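*Asks:* Numbering (this note's numbering), first residue to last: 338 to 552. For glycine and all other residues, C-beta sits at the position ideal for the given N, C-alpha and C. In this text the structure is predicted, and so the values were computed from the model without any measurement.
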Amino acid sequence: YDRSFPHRQNSIKAALSLGDSRSDLIADFSAPYALPRCKSKHSDLQAISSETVSNLLRGEYSEEIDNYVIVDCRYPYEYQGGHIEGAENVYTKSDILDRFMKSDELTSKAADSKKKNIIIFHCEFSSERGPKMCRYLRETDRKENTDQYPKLTYPEIYILEGGYKAFYEHESSQCTPQAYKPMLHIDHSQELKHFRAKTKSSNGSRCNRRRMLRC
């Protein structure tokens, strides 16, 4: 018999109760969100606007945020055809794990920092690829910290509402190069087939868990 089990159950119930009463808290219920959120069709995810990302790039939130990573989940030819300044091109599950969960130094830094470490996901429209990778990181993070719920290594993650297309339309000066290449660009039909096949086996499931293990 695990004598700590009742205590863990009570801790989980207390965390869930706090989360229910405070929608402004990040996913480990330890603090409010640092960035203003906007409405999104992805009700299970936290979304931010192009304007907010632009302000973040300009250093407006530097007092609250220690580090941020913008994850561009588009295919490499899309990324190379124009991306948000400083964004990293990560578009498969294995790359997500390598980048965020397999580095002890990185995860320790994220957990120990007094200021916030946030991650922002997006794809072309933030309708499928970006949200999918965002959910996958959260699911993996939850599994890694199951015995310490609601602890998370990355409790504050967002999606960019409208994706790169929306950002480019409003903030093209913060794109490198200042261009936008659609996924369905006619010149890249063979590359599209290649990268779709490469990522097909990495298609993640939605984070559809019981309330006790909610995202």
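Which residues does DSSP pair with His497 in a beta bridge?
*Replies:* In the sequence shown, residue 497 corresponds to position 160, counting from 1. Here the sequence assigns Leu to residue 497, which means His is not the residue at that position. For Leu497, which the question treats as bridged, DSSP gives the partners Ile385.
*Asks:* Let me know if Ser387 comes out buried or exposed under the rule of 16 or more other beta-carbons within 10 Å of its beta-carbon.
*Replies:* The residue labelled residue 387 in the question sits at position 50 within the sequence shown. Buried, since its Cβ has 16 or more Cβ neighbours within 10 Å.
*Asks:* For Phe532, count neighbouring C-beta atoms within 10 Å of its own C-beta (all shown protein chains included) and say buried if the count is 16 or more, exposed if not.
*Replies:* What you label residue 532 is simply residue 195 of the sequence shown in a count that begins at 1. Phe532 is buried by the Cβ-count criterion.
*Asks:* Which residues does DSSP list as the beta-bridge partners of Glu425?
*Replies:* Residue mapping note: residue 425 aligns to position 88 of the sequence shown, counting from 1. According to DSSP, which records beta bridges pairwise, Glu425 is partnered with Val408.
*Asks:* Residues in its own chain within less than 7 Å of Ser391 by CB, not counting five upstream and five downstream?
*Replies:* Taking the sequence shown and counting its residues from 1, the one referred to as residue 391 is at position 54. Cβ within range, chain order: Glu508 and Gln511.
*Asks:* Which residue or residues does DSSP assign as beta-bridge partners of His522?
*Replies:* To locate residue 522, count along the sequence shown from 1; it is residue 185. None, per the DSSP bridge assignment.
*Asks:* Whose CA, out of Ala424, Ser463 and Gln515, lies closest to the CA of His379?
*Replies:* As a working mapping, residue 379 is identified with position 42 in the sequence shown. For the residues Ala424, Ser463 and Gln515, the minimum Cα distance to His379 belongs to Ser463.
*Asks:* Can you give me the Cβ contacts of Tyr414 inside the same chain, cut-off strictly under 6 Å, excluding the 5 residues immediately before and after it?
*Replies:* Residue numbering aside, residue 414 sits at position 77 when the sequence shown is read from its first letter. Hits under 6 Å: His525 and Glu528.
*Asks:* Quick check on Leu521: buried or exposed, where buried means 16 or more other Cβ atoms within 10 Å of its Cβ?
*Replies:* Working through the sequence shown from its first residue, we reach residue 521 at position 184. Exposed.
*Asks:* Looking at the secondary structure, which residues open and close the beta strand (DSSP E) in which Lys480 lies?
*Replies:* Locating residue 480 in the sequence shown gives position 143, counting from the first residue. Element bounds for Lys480: not the beta strand (DSSP E) but the alpha helix (DSSP H), Arg466 to Glu481.
*Asks:* Are Asp513 and Glu397 closer than 8 Å when you measure CB to CB?
*Replies:* Within the sequence shown, numbered from 1, the residue matching residue 513 stands at position 176. Within the sequence shown, numbered from 1, the residue matching residue 397 stands at position 60. In the sequence as displayed, the identity of residue 513 is Thr instead of Asp. No, the Cβ-Cβ distance between Thr513 and Glu397 is not below 8 Å.
*Asks:* At the level of alpha carbons, what is the spacing between Lys480 and Asp365?
*Replies:* By 1-based counting over the sequence shown, the position of residue 480 is 143. By 1-based counting over the sequence shown, the position of residue 365 is 28. Going by the C-alpha atoms only, they are around 14 Å apart.
*Asks:* Residues in its own chain within less than 6 Å of Gln383 by CB, not counting five upstream and five downstream?
*Replies:* In the sequence shown, counting from the first residue as 1, residue 383 sits at position 46. If we look at Gln383 and ignore the five residues flanking it on each side, its Cβ neighbours are Arg374 and Tyr495.
*Asks:* Determine the closest residue to Thr536 out of Asn404, Cys410 and Asp435, with distance taken between C-alpha atoms.
*Replies:* Indexing the sequence shown from 1 puts residue 536 at position 199. Measuring from the Cα of Thr536, the nearest candidate turns out to be Cys410.
*Asks:* Could you name the residues that DSSP lists as bridge partners for Asn454?
*Replies:* Within the sequence shown, numbered from 1, the residue matching residue 454 stands at position 117. Asn404, per the DSSP bridge assignment.
*Asks:* So what does DSSP say about Thr490, is it helix, strand or coil?
*Replies:* As a position in the sequence shown, residue 490 is number 153, starting the count at 1. Residue state, collapsed to three classes: coil.
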